[in-house]
Amino acid sequence: MFSWIKAQHKGVDVCINNAGLALPEPLLSGKTSSWRTMMDVNVMALAVCTREAYQSMKERKVDDGHIININSICGHRVLNYADGHFYTATKYAVTALTEGLRQELREAKTHIRATGISPGIVKTEFAYRLFSDDQEKAAAMYNSGECLQADDITNAVVYVLSAPPHVQIGDIELTPVDQSM
Numbered sequence: 300m301f302s303w304i305k306a307q308h309k310g311v312d313v314c315i316n317n318a319g320l321a322l323p324e325p326l327l328s329g330k331t332s333s334w335r336t337m338m339d340v341n342v343m344a345l346a347v348c349t350r351e352a353y354q355s356m357k358e359r360k361v362d363d364g365h366i367i368n369i370n371s372i373c374g375h376r377v378l379n380y381a382d383g384h385f386y387t388a389t390k391y392a393v394t395a396l397t398e399g400l401r402q403e404l405r406e407a408k409t410h411i412r413a414t415g416i417s418p419g420i421v422k423t424e425f426a427y428r429l430f431s432d433d434q435e436k437a438a439a440m441y442n443s444g445e446c447l448q449a450d451d452i453t454n455a456v457v458y459v460l461s462a463p464p465h466v467q468i469g470d471i472e473l474t475p476v477d478q479s480m
């Protein structure tokens, strides 16, 4: 993917890691294969894309790039929901990777910034994929109150990218007003 980006666009100045996957697999009875899949998508893919984006910026001497990790409120709080505990662990890993990235970028004496954006419930296909065998349960997640919309996350990304170059926005947590967490 990054070689194609290099060939088509010369490289990456902004990387937004937005892949995320949750599978209903509790800690006490979950399938190892599902846990690996969540780790591969939520943690490993993010780490690889981050490394490749940074290398692209470094190679081209881009010193004002930005890496944004779309995380989850679950990367900051453990919900009382057994099916989501492993997913939550992957999102805590994203929180740690984002902070570690900021520290490494400072050590490298670069002005490339790293930001985590952690939304609460967003009305997307996420719950329908999570509960693919129970569409009513998925719909209930979105009907329990007003959800964030994809545009709300987009607006947060635009806000982060429009910050002056000397401003590091570390983390943004955003939830619907009536979402209890």
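Its first residue numbered 300, the sequence shown is counted upward by one per residue in the numbering used here.
Glycine residues also receive a C-beta, built at the ideal position from the N, C-alpha and C atoms.
Where does residue i fall in DSSP's three states?
| i | result |
| --- | --- |
| Leu400 | helix |
| Leu447 | strand |
| Val340 | helix |
| Ile304 | helix |
| Ile452 | helix |
| Val459 | helix |
Report, in whole angstroms, the separation of the C-beta atoms of residue i and residue j, which I expect to be a contact under 8 Å.
| i | j | result |
| --- | --- | --- |
| Asp503 | Ile411 | Any answer about residue 503 is impossible in this case: the structure gives the chain only from 300 up to 480. |
| Ala321 | Met337 | 7 Å |
| Gly364 | Asn341 | With a Cβ gap of about 23 Å, Gly364 and Asn341 do not count as contacting. |
| Val421 | Cys446 | 6 Å |
Between the options, which lies nearest to residue i when the distance is taken from Cα to Cα?
| i | options | result |
| --- | --- | --- |
| Lys360 | Asn442, Gln434, Pro475 and Ala407 | Ala407 |
| Asn310 | Met300, Trp334 and Leu396 | Correcting the residue type first, residue 310 is Gly in the shown sequence and not Asn. Residue Met300 is the option with its Cα nearest to Gly310. |
| Asp382 | Lys390, Gln434, Asp470 and Leu429 | Leu429 |
| Gly374 | Gln478, Asp470, Asp477 and Pro475 | Asp470 |
| Ala344 | Leu404, Asn317 and Ile420 | Asn317 |
Would you say the beta carbon of residue i comes nearer than 7 Å to a heavy atom of the ligand SAH?
| i | result |
| --- | --- |
| Thr414 | This structure lacks the ligand SAH, and indeed carries no ligand of any kind. |
Which parts of the stretch 405 to 437 are runs of the beta strand (DSSP E), unbroken and 3 residues or longer, counting only runs that do not cross its ends? Listed in chain order, they are 412 to 418.
Sufficient close CB pairs (3 or more, under 8 Å) joining the stretch 359 to 377 to the stretch 402 to 422: With a cut-off of 8 Å, the stretch 402 to 422 and the stretch 359 to 377 count as touching, because enough Cβ pairs lie within range.
Does the pairing of the stretch 384 to 395 with the stretch 321 to 331 give three or more beta-carbon distances under 8 Å? Judged by Cβ distances under 8 Å, the stretch 384 to 395 makes contact with the stretch 321 to 331, as three or more pairs qualify.
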